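Residue numbers (my numbering): 200 to 570. The block underneath contains the structure these notes are about, expressed in structure tokens.
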């Protein structure tokens, strides 16, 4: 029998540090025989409706980890409003539900189906972006890193900084967002939650000054950071990772960027969540700078190789390192979903699905028959 359950039933049972550990294990599997992963696929359906122009985007994340004994996929549908050639999130639709399909890697049985609300940032399924952003932190950030600069004041900035404070002792932080009320409100609320003094700043360069870790957690289409602002030893984490379909459709004028060319050239090396994803989606912060000769692929390593010890992490406290988390990967989603399934079974959550198999079934000559 299979189990149908909601992430709300188990999300309080997984601590953020455990989510990071699961994420790192799954990513490490990507370069070993113990795992398989496909770059995220996005199917963009362009719609002109009464409310305006929208992209209805079906996201498919597929992968499997032998370490967690599971293979499967997560399917998610998002709607993106196109306003003045920029993406904007439309009002939240409570009827949208994302599903994770969890199969037993050995028997092929459907273990479970996990549902969760998209982008509500309360369920364990939404831990995967900040957990992935902070994977490999001890291998890439300086050991004494304790000052943080934040770009952005939305949910990703909140979740990632809050998660960072659970992994490291952070002494202080600064936040920049173009809207004063947003950065001030963010600083007050996240400071109260984490116990860290967070200062809002009114110029973007100030957020990069005298800090050790820079979090670029924005919804921008153009670079928010200038490489000339960077200082020795800094570690930059960036999350923008779109796909070329928005440009091909005419909805965006150019591939989305969060990092400028000067930052790419100043970095000693660049870590990608997935070079295959950057190529498949022709992403603005890595693929096109390589195509334009700003950097070469030799400067870019996958986070999986760093975690598995096949590529070096930080070797010098003076190195400037960029990590691009440019799109969720199925192997992580499946590993997290499998942990949720185990917890749901352990705590008696969810509902059993009885899928009755037909006996003596086979396909012959293109037609299904029974005997």
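Heads up, the beta-carbon is just placed ideally off N, CA and C, and yes, glycines get one too. Note that the coordinates shown come from a computational prediction; the quantities given were computed from them, not determined experimentally.
As assigned by DSSP and simplified to three states, the class of residue 201
In the displayed model, residue 201 falls within a strand according to three-state DSSP.
From residue 232 to residue 260, what does the alpha carbon distance come to, in whole angstroms?
Straight-line measurement puts the Cα of residue 260 at about 19 Å from the Cα of residue 232.
Would you grab the beta carbon distance between residue 459 and residue 515 for me? Rounded to a whole angstrom, and I think it's under 8 Å.
With a Cβ gap of about 23 Å, residue 459 and residue 515 do not count as contacting.
In the DSSP assignment, the alpha helix (DSSP H) including residue 224 goes from what residue to what residue?
215 to 228
Touching by the beta-carbon criterion (3+ pairs, under 8 Å), the region 496 to 512 and the region 473 to 480
Touching, per the Cβ criterion.
Give a yes or no on whether the C-beta atoms belonging to residue 623 and residue 525 are separated by under 8 Å.
Because the chain in this structure spans residues 200 to 570, residue 623 falls outside the shown range and cannot be described.
Does residue 519 come out as helix, strand or coil in the three-state DSSP assignment?
coil
Chain-order list of residues whose beta-carbon lies under 6 Å from that of residue 223 (same chain, five-residue window excluded):
334, 506
For residue 373 and residue 214, I'd like the C-alpha separation in whole angstroms.
26 Å
May I ask you to verify whether the region 294 to 304 touches the region 265 to 274, counting CB pairs closer than 8 Å and requiring at least 3?
yes
7 Å CB neighbourhood of residue 455 in its chain, flanking five on each side removed
420, 439, 441, 483
For residue 350 and residue 387, the rounded distance between their alpha carbons
15 Å
Does DSSP put residue 232 in a helix, a strand or coil?
coil
Would residue 327 and residue 541 qualify as a contact pair, given that the criterion is a beta-carbon distance under 8 Å?
Using a Cβ distance threshold of 8 Å, residue 327 and residue 541 do not count as a contacting pair.
So for residue 275, helix, strand or coil by DSSP?
Annotated three-state conformation of residue 275 is strand, per DSSP.
From residue 398 to residue 383, what does the alpha carbon distance come to, in whole angstroms?
8 Å
Report back the beta-carbon spacing between residue 411 and residue 432 to the nearest angstrom; my notes put them in contact at under 8 Å.
That pair is a contact at about 7 Å.
Determine the direct distance from the alpha carbon of residue 256 to that of residue 449, and round the result to whole angstroms.
15 Å
In whole angstroms, what is the alpha-carbon distance linking residue 240 and residue 481?
12 Å
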